[in-house]
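Data first, discussion second: the structure below is written as C-alpha cells.
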Amino acid sequence: MTAHETSQAGPTPPARGSSGAVQHAHGDPGAAAAAPTRGEELRGFLQSLLRLQCQLTSGEAGVAYLRPGSGRSGGTAATFHSESGSELPAAALESLEKVAARAGEGEGSPIVEPVTVSGARDLYAAGHTHLAMAVPLRADGRVEGATAVLAPRELRDQDAAMLRLGLTVSRFESFLWRQSALHEAEQKVIVKETLELLDRAQQGETAQSMSSLMCDELRRRFGCTRVSIGLVAGDRVRVIAVSGSEDLDPHAPAIEALEGAMEETALQDAEVLLPAPEADEAQPAQRRVIHEHTRLSEAYGPSAIVSLPLRIKGDLIGVMVLERHQTDLFPSAVLPLLRLVAEFVGPAVYTRRLADRRVLSVARDDLLDVGAAIVGPRHTAKKLVGALLIGALLLAALVPIPARVSAPIELRAATARAIVPPFAGYLDRSLVRPGDEVSAGDLLAVMATEQLELSLSEIDARIETLSARHDNAMARGERAASRQAQAELDEAAASQRLIRQRIEASELRAPIAGVVSQGDLERLSGAPVDATQVLLEVVGNSTLAILEVSEGDIDRVKLGQRGFITVRGAPDRRVPVEVVRINPVAQLRDTRSVFLVEAAIDRDAAGGFEALLRPGMTGSVRLKAGWSTALWELSRPLTDAARIRLWW
C-alpha cells in the first residue's frame, strides 16, 4: 500500500545563513523549493520508526496509524516493508492496518494478534503464520495513533518484543516537540525579518521615499530583480516606488505594465503567482487571472512574479509586486514571510501617505470618506436608521402643522353674587343649601324682625304724641314749641321709615338665577350675624375659562382667537372657546409670570356638555395660532432662551 500524508503541513522554514538573512538565488535556488513540509517530515519519521521496530522484532512490515485531529484526517500515515522479506499480499497489509487502528482508539492499549499471511482470504485461520504487534503512539498524555509490526510466529519472547516496541514509540513525542520548537523559531525569524525591514523603511521622510527604501530593501533581502509598490488612487492603482529608480515617468511602458499587473491583482483582491503553482491550477477556487502578469513577464523578463495586496482594516489600499528571474522561482517557504511583510507594509505606507497631505487634501479626503461611507455597501442597518432620522427631520422641518398656544386653565363663573345681611341682627331661618338652583327673586333666608316690630310700635306711639304736641302748640300760637315738636316728629318719622325698610329687607332673595355655591346656614339659625358677613353666594349658569398664558406666548394671543379646552374631569371632551379679555398686567404664579386671559365657552358648539363644566375645575387649553412646523415648535423654547442669553 502506497504511503500517503495525512498530518498537518506547516510552513517550511527558509534556508538561512550565518547572519540570519534569507538565502536567495546566490545559493541553491532549488534548495528551498525542495525543502520538505512538516507533513513530509512526520511521514519520514514514522517510516524510520517502523524500520527500527521491524529490526528489533525481526518484522517484515509495519504500519503507522494516526487518529483524526486538528488539521488532519485519520488514517494510515506511513508504511514500511522489509527489503529482505517477500512482498506481502494487500489483504495482509490491510489486516495490519486494522490492528493498528484498534490499538490507537480510545485510551490506547497494546495488541498482539495472530495473522495468516497467504494468498487466501482466510486471514485468521487456526494455523497462523505471523503475529501482528501494535503499540499506541502518545504525545502529552494523549493517544495520537498507533504503530503495528508484522513479526514472525516463532518470535521467542513476545513480552520483551512488546517492551522494546513501547520504548521506541517514546521517540514520537520527542519528534513532535522538536517540530514545535523549530516552528516557533521560524516564526521568530519571520517576525525579526519583518521588523528589520520596517525599521529600515521608517527612515523615509515621505510616503514615496519610504516606499523606495522598502522596495530596495525587499529586492536586496529576497534576491529580486525588481520590487514595486503601488497605491490605490481613485479607481486606478498608481506606482509610487520602484527599486533602483528615483524619478518615475508615469507614461513609461514599464510603469504602465506594472500598473496593469497591479490592477489585475487589485480586481481579484488576492495573491497572484507567476508561474502559477500546479496545486492551484488543480483547484478552481485557487485559480487566478494572470494575463497582465504574463504580459509583464514577457515584456521585461521572462520572470517569476509575486503580487501581494496591501490592506488596512480589510480594505485594499495598494499592491506590492516582486519579480525574479525565471530560473529563480519564489520558494513556498518565502511566501509566508512575504505575506507578513505585506500586512505591515500597507498600514505603514498608508499612514505616512496620510501624514504627507496638505490641509485642502485632508478636507477633500474627509469629504470623500464621508461620501463613501454614505453610499457604500457597509453598515446597512445604521444607514437605514440614519435615513429614517433624516427623513423625519425633513418632515419636521418642511411639513406644516397647525400651531397652538398651550396654557393651564381654571374654570370660573361668569357672574357671581354674594348675599350679606341687610343689617346686624339675628338669622331667623335659611331656605336653601349649596347646590340648590334658584331663580331671580327666590327667597333664600329670613332675618328675625321681632325687635324691629317692637321698635316700630314704640315709634308709632311716639309719633302720635308728637303730633298732638305740635297741634296744641299751633293752637296756642307758640311757634317755638311748634317747630321743636315738628322737628322731633320728623326724626321719629325717619326712624319709622328705617325700621320699616329693614323689616322689608329681612327677606334675603336671589339677585340672579343660578346655583347656590356656598353658605350652609342651618347652623346659624337664631345666631347673630353681622352686616359684613357673607351668608350665601349665588353663581350664574354661564362659565368662563381663565387662561394662565406664559409671558413668552402672550404675543401670540389675540382677542377673538379661538381654540379648545379640556378639563381633568372629562379629558376625552374638547370644548370650543373664544378669547374675550386679556389682562394687561402680568401676575406671579409659582415663580412664573403669567397673563390672565378670559375665554368664553361657545354654547352652541359645546352642546349640553357645558352643564358639566363647573367652576373650580382645571385643565388645559390649545389656542389656534396659525401654521408652523414640528421642528420650529420643538426648537422655539431653546431659540428664545438663546436669544435672551446671547444678545448684546
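The number in this note's numbering is simply the position in the sequence shown, starting from 1, with 291 added. Each residue gets a CB set at the ideal place from its N, CA and C atoms; glycine is no exception.
A residue is called buried once 16 or more other Cβ atoms fall within 10 Å of its Cβ, and S884, having fewer, is exposed. Here D751 is exposed: its Cβ has fewer than 16 other Cβ atoms, across all protein chains shown, within 10 Å. Cβ-Cβ distances below 6 Å link G436 to Y356, L357, R358, G395 and L428 in the same chain, with the five nearest sequence neighbours on each side left out; the list follows chain order.
In the DSSP annotation of this structure, the continuous segment of the beta strand (DSSP E) that includes Q809 starts and ends at G805 to Q809.
Taking 8 Å as the upper bound for CB-CB distance, M424 and T348 are in contact here, some 7 Å apart.
About 4 Å separates the CB atoms of V737 and D719; that is less than 8 Å, so the two are in contact. In this structure the stretch 384-391 does not touch the stretch 445-464; the number of beta carbon pairs closer than 8 Å is below three. Only residues of its own chain outside the window of five on either side were considered, and among them L509, L613, E614 and R615 have a CB closer than 7 Å to the CB of C515, listed in chain order. Taken atom to atom, the span from the alpha-carbon of D448 to that of G350 is near 14 Å. In the three-state scheme derived from DSSP, where H, G and I count as helix and E and B as strand, Y641 is classed as helix.
Taking 8 Å as the cut-off, the Cβ atoms of I520 and G609 count as close. By the neighbour-count definition (other C-beta atoms within 10 Å, threshold 16), V632 is a buried residue.
In this structure, I803 is the residue among P544, I803 and R847 with its C-alpha nearest to the C-alpha of N832.
In this structure, the CA atom of A646 is about 30 Å from the CA atom of V563. Every unbroken stretch of the alpha helix (DSSP H) spanning 4 or more residues and falling wholly within the stretch 542-605 is given here in chain order: 544-559, 569-572 and 582-590.
Fully enclosed beta strand (DSSP E) runs of no fewer than 3 residues occupy 691-704, 707-710 and 716-721 of the stretch 668-727, in order along the chain. In summary, Q577 is exposed, with fewer than 16 beta-carbon neighbours lying within 10 Å of its beta-carbon over all protein chains present. CA-CA distance, E398 to A391, rounds to 13 Å.
The beta carbon of L914 sits closer than 6 Å to the beta carbons of V696, Q852 and G854 from its chain, once the five residues preceding and following it are set aside; these are given in chain order. About 15 Å separates the beta carbon of L929 from that of A688, a gap too long to meet the 8 Å contact definition.
With a 10 Å radius around the Cβ and a threshold of 16 neighbouring Cβ atoms, Q878 comes out exposed.
Taking a contact as a CB-CB distance under 8 Å, the pair T497 and R643 counts as one, their CB atoms being some 7 Å apart. If only complete runs of 3 or more residues are kept, the stretch 378-453 shows the beta strand (DSSP E) at 402-406, 421-430 and 433-443, in order along the chain. Taking 8 Å as the cut-off, the Cβ atoms of G353 and V440 count as close.
The criterion of a C-beta distance shorter than 8 Å is not satisfied by E550 and V518. Taking a contact to require three or more Cβ pairs closer than 8 Å, the stretch 839-846 and the stretch 885-892 qualify as touching. Of A595, L558, A557 and D560, the smallest CA-CA separation from P568 is found for A595. Residue environment analysis places S797 among the buried positions, since at least 16 neighbouring C-beta atoms fall within 10 angstroms of its C-beta. In the displayed model, L620 falls within coil according to three-state DSSP, outside both helix and strand. Sixteen is the threshold: since fewer than 16 other Cβ atoms of the shown chains lie within 10 Å of the Cβ of H582, the residue is exposed. The bridge partners DSSP lists for F886 are V840. Residues V523, A557, D560, P600 and L601 of the same chain have their beta carbon placed closer than 8 Å to that of L607, with the five preceding and five following residues left out of the count.
In this chain, the alpha helix (DSSP H) harbouring D762 covers E741 to R767. Under DSSP, P819 takes part in a beta bridge, and its partners are Y717. Remark: C-beta atoms of P867 and D893 approach each other more closely than 8 Å.
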